[in-house]
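Going from the sequence shown to my numbering is simple: count from 1 and add 16.
Below is one structure; the comments refer to it alone.
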Amino acid sequence: MLKRLILFLLLPWPAWAGDLLYPVPYKQLLALPHRVAGFETLPPKVEPGYELDAPLRFPGLWIGERLAGQGVAVAEVDGGRFDKLTGTPEPPLRIRAGAPKQPMAVALHRGLGSNALFPVGPDGIAARSGRGEGATALLFDVDELALGLRLHAEYADPLGIRPPPGHVVFTFYDRRGAVLDVLDLTPHPGVIALAWYFLAPVAAVTVETNDPGGIVLDDILTLTDPPLG
Numbered sequence: 017m018l019k020r021l022i023l024f025l026l027l028p029w030p031a032w033a034g035d036l037l038y039p040v041p042y043k044q045l046l047a048l049p050h051r052v053a054g055f056e057t058l059p060p061k062v063e064p065g066y067e068l069d070a071p072l073r074f075p076g077l078w079i080g081e082r083l084a085g086q087g088v089a090v091a092e093v094d095g096g097r098f099d100k101l102t103g104t105p106e107p108p109l110r111i112r113a114g115a116p117k118q119p120m121a122v123a124l125h126r127g128l129g130s131n132a133l134f135p136v137g138p139d140g141i142a143a144r145s146g147r148g149e150g151a152t153a154l155l156f157d158v159d160e161l162a163l164g165l166r167l168h169a170e171y172a173d174p175l176g177i178r179p180p181p182g183h184v185v186f187t188f189y190d191r192r193g194a195v196l197d198v199l200d201l202t203p204h205p206g207v208i209a210l211a212w213y214f215l216a217p218v219a220a221v222t223v224e225t226n227d228p229g230g231i232v233l234d235d236i237l238t239l240t241d242p243p244l245g
């Protein structure tokens with residue numbers, strides 16, 4: 017943890033600061049010692065893809081639907097049905113998978129050009145309206161001081177016939193399950209590369225959406241200890 021703190025203090029900071037999050041270019045994190053959780057170990061498979069009814073494990077990272085202590089309600093927005101996390105995470109933090117037929121899915125995504133993670137919502141994995149409308153939780157083995165990921169929320173709509181974009185909400189937690197910060201963003205069409213430095217160590221992140229097109233996640237990037245010597 018000490019090496020991570022030293023690296024954190026040496027990072028090139030942007031000119032402004034928030035309570036927790038300092039947005040930076042995704043490529044800036046790629047230039048530092050890092051690891052990326054992607055989904056290319058599975059052969060490409062078109063939607064609905066692979067149904068994953070257990071949490072996913074990557075080096076230093078668990079991915080699931082929610083954290084232990086949280087529940088999932090149904091939020092109806094403009095005719096769509098989305099996961100809404102309820103309750104408070106319980107320490108020690110643990111990851112939880114979705115209900116049967118509402119798991120996570122990994123499938124080939126045209127916009128990202130690779131396999132990606134589809135959080136499955138109330139309409140279930142078999143329905144197009146269910147894939148991408150769910151919640152996602154990221155739980156780190158060691159508190160993180162930075163995070164990056166790629167997100168796709170919607171394809172371009174040149175004719176203007178689709179509903180307006182919704183929201184993607186990121187909630188950041190400490191190791192006790194207390195909320196450190198909440199980021200509510202309105203995504204634009206296409207691939208969005210998001211990255212932040214954190215003012216305080218972050219143990220877990222949840223992602224929720226009410227975007228009509230749903231969301232997919234890929235290339236989840238965390239920093240590693242800098243090499244010694």
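Cβ coordinates follow ideal geometry from the N, Cα and C atoms, glycine included.
Beyond the five residues adjoining it in sequence on each side, H125 comes within less than 6 Å, by CB distance, of A132 and V232 in the same chain, given in chain order. Remark: C-beta atoms of L109 and R191 approach each other more closely than 8 Å. Cβ neighbours of R112 within its own chain (closer than 8 Å, five residues either side excluded): P71, G80, E81, R82, L83, A84, Q86 and A153. For L161, the uninterrupted beta strand (DSSP E) run begins and ends at T152 to H168, by DSSP.
Here E224 is actually not in contact with A115; their C-beta atoms are around 16 Å apart, not less than 8 Å. About 7 Å separates the Cβ atoms of D227 and H183, confirming a contact at the 8 Å cut-off.
In the three-state reduction of the DSSP assignment, K61 falls in the coil class. At the C-beta level, A142 and P64 come within 8 Å of one another. A check of alpha carbon separations from E67 across A121, V90, T240 and R73 identifies A121 as the nearest. With 16 or more other CB atoms across the displayed protein chains lying within 10 angstroms of its CB, T187 is buried. Residue burial is scored here from C-beta neighbours: A194 has fewer than 16 other C-beta atoms within 10 angstroms and is therefore classed as exposed.
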